[in-house]
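2 protein chains.
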Amino acid sequence: MHTNRNGRIGVDHVAALLLGALLALPAAAQTPPAAAAPGPRNLPAELRASAAADRLAWERLAYLCDRIGPRLAGSPAFQRAVAWGSATMREDGLDAVRLEPVTTELWVRGRERAVMTAPVVHDLPMLGIGESVGTPGVEAPVVVVRSFAELGPKVEGKIVLYDPVIPPEAGGGARYGVYVRFRADGASKAAALGAVAVLVRAAPVHSLATAHTGMLRYDPAQRKIPAAIVAAEYAEWITRLARAGVEARVRLEMEAHSAGNVETANVVGEVRGAARPQEIVLIGAHLDSWDVGQGAHDDGAGVIHVIEALRLIKAMGVAPARTIRGVLFVNEEHGSDGGKAYEAAHKAESHVAAYESDSGGGAPLELAASGTPAQLAWLLAAVKPVGLPLRFGSGGTDIEPIARDGVLAVGLRVDLPNYFDIHHTQADTLDKVDPQALRDGVAATAVLAWQLANAPEP
Amino acid sequence: MHTNRNGRIGVDHVAALLLGALLALPAAAQTPPAAAAPGPRNLPAELRASAAADRLAWERLAYLCDRIGPRLAGSPAFQRAVAWGSATMREDGLDAVRLEPVTTELWVRGRERAVMTAPVVHDLPMLGIGESVGTPGVEAPVVVVRSFAELGPKVEGKIVLYDPVIPPEAGGGARYGVYVRFRADGASKAAALGAVAVLVRAAPVHSLATAHTGMLRYDPAQRKIPAAIVAAEYAEWITRLARAGVEARVRLEMEAHSAGNVETANVVGEVRGAARPQEIVLIGAHLDSWDVGQGAHDDGAGVIHVIEALRLIKAMGVAPARTIRGVLFVNEEHGSDGGKAYEAAHKAESHVAAYESDSGGGAPLELAASGTPAQLAWLLAAVKPVGLPLRFGSGGTDIEPIARDGVLAVGLRVDLPNYFDIHHTQADTLDKVDPQALRDGVAATAVLAWQLANAPEP
Numbered sequence: 000m001h002t003n004r005n006g007r008i009g010v011d012h013v014a015a016l017l018l019g020a021l022l023a024l025p026a027a028a029q030t031p032p033a034a035a036a037p038g039p040r041n042l043p044a045e046l047r048a049s050a051a052a053d054r055l056a057w058e059r060l061a062y063l064c065d066r067i068g069p070r071l072a073g074s075p076a077f078q079r080a081v082a083w084g085s086a087t088m089r090e091d092g093l094d095a096v097r098l099e100p101v102t103t104e105l106w107v108r109g110r111e112r113a114v115m116t117a118p119v120v121h122d123l124p125m126l127g128i129g130e131s132v133g134t135p136g137v138e139a140p141v142v143v144v145r146s147f148a149e150l151g152p153k154v155e156g157k158i159v160l161y162d163p164v165i166p167p168e169a170g171g172g173a174r175y176g177v178y179v180r181f182r183a184d185g186a187s188k189a190a191a192l193g194a195v196a197v198l199v200r201a202a203p204v205h206s207l208a209t210a211h212t213g214m215l216r217y218d219p220a221q222r223k224i225p226a227a228i229v230a231a232e233y234a235e236w237i238t239r240l241a242r243a244g245v246e247a248r249v250r251l252e253m254e255a256h257s258a259g260n261v262e263t264a265n266v267v268g269e270v271r272g273a274a275r276p277q278e279i280v281l282i283g284a285h286l287d288s289w290d291v292g293q294g295a296h297d298d299g300a301g302v303i304h305v306i307e308a309l310r311l312i313k314a315m316g317v318a319p320a321r322t323i324r325g326v327l328f329v330n331e332e333h334g335s336d337g338g339k340a341y342e343a344a345h346k347a348e349s350h351v352a353a354y355e356s357d358s359g360g361g362a363p364l365e366l367a368a369s370g371t372p373a374q375l376a377w378l379l380a381a382v383k384p385v386g387l388p389l390r391f392g393s394g395g396t397d398i399e400p401i402a403r404d405g406v407l408a409v410g411l412r413v414d415l416p417n418y419f420d421i422h423h424t425q426a427d428t429l430d431k432v433d434p435q436a437l438r439d440g441v442a443a444t445a446v447l448a449w450q451l452a453n454a455p456e457p
Numbered sequence: 000m001h002t003n004r005n006g007r008i009g010v011d012h013v014a015a016l017l018l019g020a021l022l023a024l025p026a027a028a029q030t031p032p033a034a035a036a037p038g039p040r041n042l043p044a045e046l047r048a049s050a051a052a053d054r055l056a057w058e059r060l061a062y063l064c065d066r067i068g069p070r071l072a073g074s075p076a077f078q079r080a081v082a083w084g085s086a087t088m089r090e091d092g093l094d095a096v097r098l099e100p101v102t103t104e105l106w107v108r109g110r111e112r113a114v115m116t117a118p119v120v121h122d123l124p125m126l127g128i129g130e131s132v133g134t135p136g137v138e139a140p141v142v143v144v145r146s147f148a149e150l151g152p153k154v155e156g157k158i159v160l161y162d163p164v165i166p167p168e169a170g171g172g173a174r175y176g177v178y179v180r181f182r183a184d185g186a187s188k189a190a191a192l193g194a195v196a197v198l199v200r201a202a203p204v205h206s207l208a209t210a211h212t213g214m215l216r217y218d219p220a221q222r223k224i225p226a227a228i229v230a231a232e233y234a235e236w237i238t239r240l241a242r243a244g245v246e247a248r249v250r251l252e253m254e255a256h257s258a259g260n261v262e263t264a265n266v267v268g269e270v271r272g273a274a275r276p277q278e279i280v281l282i283g284a285h286l287d288s289w290d291v292g293q294g295a296h297d298d299g300a301g302v303i304h305v306i307e308a309l310r311l312i313k314a315m316g317v318a319p320a321r322t323i324r325g326v327l328f329v330n331e332e333h334g335s336d337g338g339k340a341y342e343a344a345h346k347a348e349s350h351v352a353a354y355e356s357d358s359g360g361g362a363p364l365e366l367a368a369s370g371t372p373a374q375l376a377w378l379l380a381a382v383k384p385v386g387l388p389l390r391f392g393s394g395g396t397d398i399e400p401i402a403r404d405g406v407l408a409v410g411l412r413v414d415l416p417n418y419f420d421i422h423h424t425q426a427d428t429l430d431k432v433d434p435q436a437l438r439d440g441v442a443a444t445a446v447l448a449w450q451l452a453n454a455p456e457p
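Protein chains in written order, with numbering that gives the first Met the number 0: chain A, 0 to 457; chain B, 0 to 457.
Structure below.
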């Protein structure tokens, strides 16, 4: 999961909040799974039962994590993931399995290192920020700022450390919301005042000297300077020194660079609709991850939700009314190339809804949706058998381009309170995923897709 | 804190356990602070009050952590810590402040890296084990073993990964107890069968891709092979691959080497006894730390307990009956050079007790002690005003040599449930120390020292 530059997750606008209050029914108040199945079979219940017995969900996630590993968009590992995704869909007997071309930029981290050189010589646990330029070595005194407002002429020739004030009681999402602004825009804002590099404090609830990565956006009007995240403990160290009147010096070495454009693909497979095959219910996740950890929660779990939901639906032997189209997107993490390419190629088609699972592999908690009041009312009726509360919010980064065309967007939100401790870190690994929660996510995705594909006309 | 090679912490022998049951009185059952003070002043209560108001405790720990930093024995930072320790004791007006020469070996980590090269290319979060030899680069398939018993001819030419079975419900100390055997002896046991390097799984309760360090012991009869700790997530990854029949390959590069012997010193300062100055109550901590993190809990907090206890006692303006001698030891972490040198230099003196604080800066929980039944009975009576339960256990690594000469040994144990998550890691940093708990540790140390120095004859 990537979040937008102002750090808000999910809630789109004030009107959404107002309507959201009407729609956010507790799960218990909703009708239990029933009625939606055509004929004597209760197909949502069958999907739940097959998801509950789904061993392949875990095996496939283990394969993706352990055998393919982290899969930065455009990297050799990503290309292996693309081949695995399409082979898996073919193995499952899906319809119209294909690769849809996407061009993406390959960013390469290379070796990297940040060393405090004064007053103490010490390696700083760090990760370069995705898309950052590299440096053979830049060393300078560090100026600590708490906000963009504290930037000024004093940063000229210096390394800026963004160490924002975060309320101690703030949860993971709120902390991430504070930090992500500096990660995204900190480099260019400091460069505009002559800084030579930037460091950004990681802001998880729990840190064990944990560095995170993510993407930045260079302002084309400014010089590109290197940028890295430092673990909270080490940002605090430098900040304490600054408060004590002691200037820390840091040397930053990063081999980070762009390796240029790479031709790759969104992986697409379908369960073809019988009654209205031209109407599309898109279910998606992003196949890429950051290049650290294993991308187990972000977004390996979402990939499994999608491919397993498709497999279980196909295996029922009953075609849905509409076509359910699974898409494994390219480069959600730093460019949304797959989401944009999908929109460009498919905007003329009739999408009744687009769903994305990109909040990790925790137990399903709620659905976030954005659309017109009529779309949302339709959704509310259709997804009752999913058994999850509904609230307003972003469906997901990959489906934002098509959502902007007016398509109803739905995102799965899960119960994963420590998500922002491991998000974009070396610790986003398979051991952090609970197999039962993963199966529950498959069930939610499958039932949701089935319901959307069979609900009455919007 | 370093623990002994079989991983037991604190409990010395079966007889101790039996007697321990008699001595482990709950704090509430002990008499409150009173009576022990000579004259109308209640000196233990005064010490508690001054400790409760002690701002210098935190300021000095911050100085040690932030301005001196991690201080591996014999390193330039350690030598600065020695100078700081003796200057601080002089500033506080202690008696007979001096440096007592100790020779220690300086181990240097240098740069290091472990990379999984197959089936996925990925950096493994790791730390070389202290005292390990380096390697310009060794690459080999990995053989996973769960125990020493699983070693065999199959490890010849391979890298051994020790991934011991640990009960999921095991706490930090128990997990550490399992892991430390492999950290200490794993290299030589694998080398005996032809292995080329070893990796040991870190075993904290919580891991965020966290590597730990510590020391190993080479068997002189075996070839020295390099050894490193890998974060739990990455050990599990390799183990899952092995179970799936997939051989992982790892390349290990370590610049680790010995930089030879260094002349350094235990830092000693006293509050001279008035009545029986030749009788010594030793209170100590170790001034060295590992070279990662800041050594805040291990053993910066203990150093502060000792120097602040001495300062507060001295500041009362009342001499104790016996001499209270503070010692900041050299190289507890990988050689106990300071503890051995102290014993060699002072064994002829009359020590009534030796106390060490080396379990971190958490709130005081209990005292562990080892000695004869008569010594322990004396201790029990003397330390009632400390208000902590007493149980059998090791006093501490630095005072073990003198304890073996028959001196009563006492160790402070603190409430720090996450200690083994940060122990010997980059995350043992100042932010993990609670200022109030630190002051409480100063109070416990000061009252204990005062009581031992003024109790009736053993």
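Beta carbons are placed, not taken as given, at the ideal position from N, Cα and C, and that holds for glycine.
L281(A) and G370(A) have their alpha carbons spaced roughly 15 Å apart.
Within chain A, no residue has its beta carbon less than 9 Å from that of G299(B); the closest one is some 13 Å off. Apart from the 5 residues on each side of it in sequence, A381(B) sits with its Cβ closer than 6 Å to the Cβ of Q450, L451 and A454 in its chain, given in chain order. Interface annotation, S288(B): not in contact with chain A, CB-CB separation never under 8 Å.
In the DSSP assignment, the residues bridged to W106(A) are S257(A). Shown here for L42(A): same chain residues with a beta carbon closer than 7 Å to its own, the five before and five after excluded, namely A36, M315, V317 and W449 in chain order.
When secondary structure is reduced to three states using DSSP, Y217(B) falls in the coil class, being assigned neither helix nor strand. Assigned with DSSP and collapsed to three states, R180(B) falls in helix.
CA-to-CA, the gap between L286(B) and V329(B) works out to about 6 Å. The Cβ-Cβ distance between L364(B) and A50(B) does not fall below 8 Å. Identification of chain B residues near R239(A) by a Cβ-Cβ cut-off of 7 Å yields A61 and D65, ordered along the chain. Distance from the Cα of S187(B) is smallest, within the candidate group V141(B), Y217(B) and R200(B), for Y217(B). Taking 7 Å as the Cβ-Cβ cut-off, the stretch 408-442 of chain A approaches chain B at D420, I421, T424, Q425, A426, T428 and D430, given in chain order. Q293(B) sits buried, since 16 or more C-beta atoms from the chains shown fall within 10 Å of its C-beta.
Each residue's CA atom was taken as its position, placing A139(A) and A61(B) some 23 Å apart.
Taking 8 Å as the CB threshold, S131(A) stays off the interface with chain B. As for any beta strand (DSSP E) of minimum length 3 sitting wholly inside the stretch 289-373 of chain B, the runs are 321-328, 349-356 and 362-369, ordered along the chain. In the structure shown, Q277(A) adopts extended strand secondary structure according to DSSP, grouped into three states. In this structure the stretch 342-350 of chain A does not touch the stretch 70-88 of chain A; the number of beta carbon pairs closer than 8 Å is below three. Here the stretch 350-358 of chain A lies against the stretch 401-414 of chain A, with 3 or more beta-carbon pairs under 8 Å apart. Relative to A230(B), the option among T209(B), W236(B) and K383(B) whose CA is nearest is T209(B). Residues of the same chain with a CB within less than 7 Å of the CB of A443(A), apart from the 5 flanking positions on each side, are P363, V385, L387 and L411 in chain order.
For G440(B), the enclosing alpha helix (DSSP H) has its first and last residue at P434 to N453. Per DSSP, V154(B) has no beta bridge partner at all. Here V382(B) carries a coil assignment [DSSP, helix/strand/coil].
According to the DSSP secondary-structure assignment, N41(B) is paired through a beta bridge with no residue. DSSP places D53(A) in the coil class of the three-state scheme, outside both helix and strand. Taken in chain order, the members of the stretch 95-125 of chain B whose beta-carbon sits within less than 7 Å of a beta-carbon on chain A are P118, V119, H121 and P124.
Annotation for L240(A): the continuous alpha helix (DSSP H) segment containing it runs A231 to R242. By the beta-carbon neighbour count (other beta carbons within 10 angstroms, threshold 16), D65(B) is buried. Within chain B, H121 have C-beta atoms less than 7 Å from the C-beta of P69(A), given in sequence order. For Q425(B), the number of other beta carbons within 10 angstroms of its own is at least 16, and it is reported as buried. Straight-line spacing of the CA atoms in P135(B) and E252(B) works out to 5 Å. If you check each beta-carbon in the stretch 191-207 of chain B against every beta-carbon of chain A, the ones closer than 9 Å belong to P203, H205, S206 and L207. Annotation note: the stretch 82-146 of chain B contains no uninterrupted alpha helix (DSSP H) run of length 4 or greater.
Short of 6 Å from the beta carbon of A190(A), and not among the five residues preceding or following it, lie these beta carbons of its own chain, in chain order: Q221, R222 and I224.
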